[in-house]
Structures are given as structure tokens and as C-alpha cells.
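Peer 1: If you're matching positions, the sequence shown starts at 1 in UniProt numbering and goes up one per residue.
Ideal placement from N, C-alpha and C gives every residue a C-beta, glycine not left out.
Structure provided below as C-alpha cells; questions to follow.
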Amino acid sequence: MKSLPQEDLYAKIFNSALVAIGTTDTKGNFSAVNPAWCKALGWTEEETNTLNIKDITLAEEQQTLNQELSKLAEGKVCSLRKTQRYKRKDGSIFWADLYRSALFNDKGKVMGILDIFVDIDVQVRSEKVQGELFQSLETLNKELSNANIGLKRQAKYDSLTGLYNRWVMLEMLNKEIISSLETNRGFAVGIADIDDFKKVNDTYGHDCGDLVLVKLTQSFLQKIRVTDSVCRWGGEEFLFLFSETTESGAMIVVERIRKAIEELIINYKGNQIKVTITIGVSFYNGQDHLDSKELVDRADKAMYEGKSSGKNKAVLYSNIP
1 MKSLPQEDLY AKIFNSALVA IGTTDTKGNF SAVNPAWCKA LGWTEEETNT LNIKDITLAE
61 EQQTLNQELS KLAEGKVCSL RKTQRYKRKD GSIFWADLYR SALFNDKGKV MGILDIFVDI
121 DVQVRSEKVQ GELFQSLETL NKELSNANIG LKRQAKYDSL TGLYNRWVML EMLNKEIISS
181 LETNRGFAVG IADIDDFKKV NDTYGHDCGD LVLVKLTQSF LQKIRVTDSV CRWGGEEFLF
241 LFSETTESGA MIVVERIRKA IEELIINYKG NQIKVTITIG VSFYNGQDHL DSKELVDRAD
301 KAMYEGKSSG KNKAVLYSNI P
């Protein structure tokens, strides 16, 4: 069997690897990325010609990044491994294991840097949820002797879906407004309502309706970013909080949620149930003089605009005539 030349072999491994691989110069300017990198980060190979590693690095990590690049370029370290959050083209944030090493020429001089990303977002999200559940269970176990434990839990969580209730979300929203004013970073609020939910209850019964709410909750948690939150706002309504994002970034996530529900099939006693949702979105730019009620009211108005114009839509408040 004829073996491939070494350069061809390296190229084949680079292009067919399932993990994201990119090379940069010592300043962090990308020189090459593989298809898996483009898929994971959202940029095309052509777009990376003007991209720097700083463009996918969160602001709070920039100083550390500069120090790492400097140490690698000067040969003080040859490689490093770390786990941290990175930013995709659409503004969404994900967790990844990073393997970073210096590339040397035949004279032993550093000529560039090799980055290998392993996306562990699902793993981190799962561990985060499991951690929260474990903490919650541990707390419950300690408080079993307290006759008010049921009331305490009801004060925070929706009993059917396990999501935070509207009062907890309002507290989170007020904190997000304060944070946005301090940092000048925008965020978005979305209200989703199940289209024609009454027909589901009338046709299949309230047990089926409850199952639909639970299945939608599971889908929401899979599609939102690790930095986002969702609560059961009431009845068949859910409220989303999309932290540190832009209008376009929020709408990308919202559309991903809407499409996932549109494609969802729920099996109930031999019946395949399909539902859709309409989502209204309002944006807070860090300078608006809006309180949480006004922000939610805007999202609610956008949602009803979507309902009146055909349902199964995602509508941004600022786009309403």
C-alpha cells in the first residue's frame, strides 16, 4: 500500500478532523482553519482571513490571552491547555477545551500558534444542570424537617416544569437591568406563547397539555445558551432572558427555539402532537430608561403582533410599525 507524502497526510488529518483546528501567527491572526472549526464557530474559511483569535475571546479573557500569546511567541512556554468560554459569529457563547501550542520552523523559531478546540458546551450545560439539581436536592434533604419547605419551593419554582416562576424571573430581570446600566451591555427579553394551546387541551385532555408544557421546557433548555434563562411565565407562556447579546444575536437564538418547537413531535397515547409557538422579543441596550414591566410589555406586544399576523413567528418589538 502506497503511503501519502507527509504534507498530504497532515492536510488530510487537518481537514477531516472532527475537532476544530486553527492556526494563527504569533499575534493571533488566523492563517488556516479546518471545516470543523468553521462549523463550530460559524465563520467561513474566507472570513477568517481578517479574523483574530481575540474576536472569539470574551472581553474578560483578553488580558490573559495577550499574556499567553506573548509567552508562546517568546518560547517561554511551548503549549498549554485550558477550559473557558468562547464566542461564535452569532454572538452565542460556548464552553470549550483548548489545546494551544507553538509552531516552530526548522531553525527552532516560533512561526505561529496551533489551536485545537473541543466543544464541551453540552457537557458543561449538563454538569451545570446536574449541579443545580444536586444542590437543590441536598437543600431539600436538609429542610425536610421544616414544615414550610413546600411553600418555600413553590415561591421559586413552577411545580410542573421545574422552571423558575415569574417572581424569580422578575428579580433576575431587575438585576440584569442594573448590570446592563453599569456595563453598557445589551440584553433581550422574549415571551413565547403556545399557539392554539386550548385546542390541545380540548382535544386530548389536560394531561396531554401538561406533557406538552414539559416537552417544550426540555426543548427550550436544549436550545438556549448557557448564559440564558427561561421561566414559566404563566399558563402556556414562557419568558426568556437572553444575557449580554445584540438584537440580531437574540433573534438567532429565538428563531432556533421557534424552529425546534415547530419540528418537535410529542407522542401521547398513540397520537403525535405538534404545536408551534409565537415569540415576541424586546431589547435593552444598556441606556434605555425602561423598567422590567415596560420591557416585558414590549415583548408581549411583539408577541401579539406575531399572533395577529399568522402565528408561529418570532417578532422583534423594534420592527413593529
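Between S145 and the rest of its own chain, which residues show a CB-CB distance below 6 angstroms, the 5 nearest in sequence each way excluded?
Peer 2: Your numbering for residue 145 matches position 145 in the sequence shown. Caution applies to S145, whose pLDDT of 48 falls short of 50 and renders its modelled position unreliable; the value that the coordinates give is listed next. Closer than 6 angstroms at Cβ, skipping near neighbours: no residue.
Peer 1: Please state whether DSSP places S179 in a helix, a strand or coil.
Peer 2: Within the sequence shown, residue 179 is the residue found at index 179, counting from 1. Residue state, collapsed to three classes: helix.
Peer 1: Are the beta-carbon atoms belonging to A192 and E247 less than 8 angstroms from one another?
Peer 2: Against the sequence shown, residue 192 aligns to sequence position 192. Against the sequence shown, residue 247 aligns to sequence position 247. No, Cβ-Cβ distance for A192 and E247 is not below 8 angstroms.
Peer 1: Run through DSSP, which three-state label would G306 get?
Peer 2: Working through the sequence shown from its first residue, we reach residue 306 at position 306. Helix.
Peer 1: Go ahead and pull the three-state DSSP assignment for L80.
Peer 2: Translated into positions along the sequence shown, residue 80 becomes position 80. Here L80 sits in strand by DSSP.
Peer 1: What would DSSP say about Q222, mapped onto helix, strand or coil?
Peer 2: As a working note, residue 222 is residue 222 in the sequence shown. Taken through DSSP and simplified to helix, strand or coil, Q222 comes out as helix.
Peer 1: With three or more C-beta pairs closer than 8 angstroms as the rule, is the stretch 160–168 touching the stretch 255–266?
Peer 2: no
Peer 1: Write down the C-beta distance between F117 and A20 rounded to the nearest angstrom, noting that I regard them as a contact closer than 8 angstroms.
Peer 2: Position 117 of the sequence shown, counting from 1, holds the residue named residue 117. Position 20 of the sequence shown, counting from 1, holds the residue named residue 20. Contact check for F117 and A20: beta-carbon distance about 4 angstroms, within the 8 angstroms limit, so the pair qualifies.
Peer 1: Counting only the same chain and skipping the five closest in sequence on each side, list residues whose C-beta sits under 8 angstroms from that of N52.
Peer 2: Translated into the one-based positions of the sequence shown, residue 52 becomes position 52. Only T24, K27, G28, N29, F30 meet the Cβ criterion.
Peer 1: Take I279 as the anchor and find which of T83, N34, S70, G306 has the nearest alpha-carbon.
Peer 2: Here the question's residue 279 lines up with position 279 in the sequence shown. Residue G306 is the option with its Cα nearest to I279.
Peer 1: For Y10, does the count of other Cβ atoms within 10 angstroms reach 16, so buried, or fall short, so exposed?
Peer 2: In the sequence shown, counting from the first residue as 1, residue 10 sits at position 10. By the neighbour-count rule (16 or more Cβ atoms within 10 Å), Y10 is not buried but exposed.
Peer 1: Leaving out the 5 sequence neighbours to the left and right, which residues in its chain are closer than 6 angstroms to I177 when beta-carbon positions are compared?
Peer 2: Stepping through the sequence shown from its first residue, residue 177 is reached at position 177. Same-chain partners within the cutoff: there are none.
Peer 1: Quick one: what's got a C-beta closer than 6 angstroms to R81's C-beta in the same chain, skipping five residues either side?
Peer 2: Taking the first residue of the sequence shown as position 1, residue 81 is located at position 81. Contacts found: Y99.
Peer 1: Just the Cα atoms here: how many angstroms apart are L239 and R85?
Peer 2: Your numbering for residue 239 matches position 239 in the sequence shown. Your numbering for residue 85 matches position 85 in the sequence shown. Near 25 angstroms, if we compare the C-alpha coordinates of R85 and L239.
Peer 1: Using the rule of at least 16 other Cβ atoms within 10 Å of the residue's Cβ for burial, across every protein chain shown, is K76 buried or exposed?
Peer 2: Here residue 76 refers to the residue found at position 76 when the sequence shown is read from its first residue. It counts as exposed.
Peer 1: Could you have a look at G162 and say whether DSSP puts it in helix, strand or coil?
Peer 2: For the purposes of this step, residue 162 is taken as residue 162 along the sequence shown, with counting starting at 1. G162 falls in the coil class under three-state DSSP.
Peer 1: What beta strand (DSSP E) runs, 3 residues minimum, are completely inside the UniProt domain "GGDEF" (185–319)?
Peer 2: 187–194, 229–234, 237–242, 266–268, 271–273, 277–284, 314–316
Peer 1: Measuring straight from C-alpha to C-alpha, what distance separates E61 and R88?
Peer 2: One-based indexing of the sequence shown puts residue 61 at position 61. One-based indexing of the sequence shown puts residue 88 at position 88. Their backbone Cα atoms lie some 15 angstroms apart in a straight line.
Peer 1: Use the C-beta contact count for A314: other C-beta atoms within 10 angstroms, 16 or more gives buried, fewer gives exposed.
Peer 2: Along the sequence shown, one-based indexing puts residue 314 at 314. Its Cβ being crowded by 16 or more others within 10 Å, A314 is buried.
Peer 1: Is the stretch 283–296 touching the stretch 217–226, taking contact as three or more C-beta pairs under 8 angstroms?
Peer 2: no
Peer 1: Does the stretch 248–263 come into contact with the stretch 197–210, if we say contact requires no fewer than three beta-carbon pairs (one atom in each stretch) closer than 8 angstroms?
Peer 2: no
Peer 1: Which same chain residues, not among the five before or five after N165, have their C-beta less than 7 angstroms away from its C-beta?
Peer 2: Here residue 165 corresponds to residue number 165 of the sequence shown, with the count starting at 1. Excluding sequence neighbours, N165 sits near K156, Y157, D158, C231, R232.
Peer 1: Residues in the same chain with beta-carbon distance under 6 angstroms from L103, minus the five sequence neighbours each way, listed in chain order, please.
Peer 2: By one-based count along the sequence shown, residue 103 stands at place 103. Only M111, G112, L114 meet the Cβ criterion.
Peer 1: When you compare each of Q63, K12, T276 to L216 by their alpha carbons, which one comes out closest?
Peer 2: Here the question's residue 216 lines up with position 216 in the sequence shown. For the residues Q63, K12, T276, the minimum Cα distance to L216 belongs to T276.
Peer 1: Output the residue ranges of the beta strand (DSSP E) runs that lie fully inside the UniProt domain "PAS" (6–76) and measure 3 residues or longer, sorted by chain position.
Peer 2: If only complete runs of 3 or more residues are kept, the UniProt domain "PAS" (6–76) shows the beta strand (DSSP E) at 20–24, 30–33, in order along the chain.
Peer 1: With DSSP as the reference, label D90 as helix, strand or coil.
Peer 2: What you label residue 90 is simply residue 90 of the sequence shown in a count that begins at 1. Note: D90 maps to coil in three-state DSSP.
Peer 1: Give the straight-line distance between the Cα atoms of A147 and E244, rounded to the nearest whole angstrom.
Peer 2: Counted from its first residue, the sequence shown places residue 147 at position 147. Counted from its first residue, the sequence shown places residue 244 at position 244. Only weak support is given to the placement of A147: the predicted model assigns it a pLDDT of 43, under 50, and the question is left unresolved by the model.
Peer 1: To the nearest angstrom, how far is it from the Cα of K311 to the Cα of L72?
Peer 2: Indexing the sequence shown from 1 puts residue 311 at position 311. Indexing the sequence shown from 1 puts residue 72 at position 72. Roughly 54 angstroms separates the two Cα atoms.
Peer 1: CB W37 to CB G22, shorter than 8 angstroms?
Peer 2: The sequence position of residue 37 within the sequence shown is 37, counting from 1. The sequence position of residue 22 within the sequence shown is 22, counting from 1. Closer than 8 angstroms, so yes.
Peer 1: Rounding to the nearest angstrom, what Cα-Cα distance links L213 and T64 in this structure?
Peer 2: Working through the sequence shown from its first residue, we reach residue 213 at position 213. Working through the sequence shown from its first residue, we reach residue 64 at position 64. L213 and T64: Cα-Cα distance of roughly 43 angstroms.
Peer 1: Just to confirm the assignment, what range does the beta strand (DSSP E) spanning G112 have?
Peer 2: For the purposes of this step, residue 112 is taken as residue 112 along the sequence shown, with counting starting at 1. Taken as a continuous stretch (DSSP letters only), the beta strand (DSSP E) holding G112 covers 110–119.
Peer 1: Taking the alpha carbon of L173 as the reference point, which residue from E294, S16, N34 has its own alpha carbon closest?
Peer 2: Looking up residue 173 in the sequence shown gives position 173. It is E294 whose Cα lies nearest to the Cα of L173.
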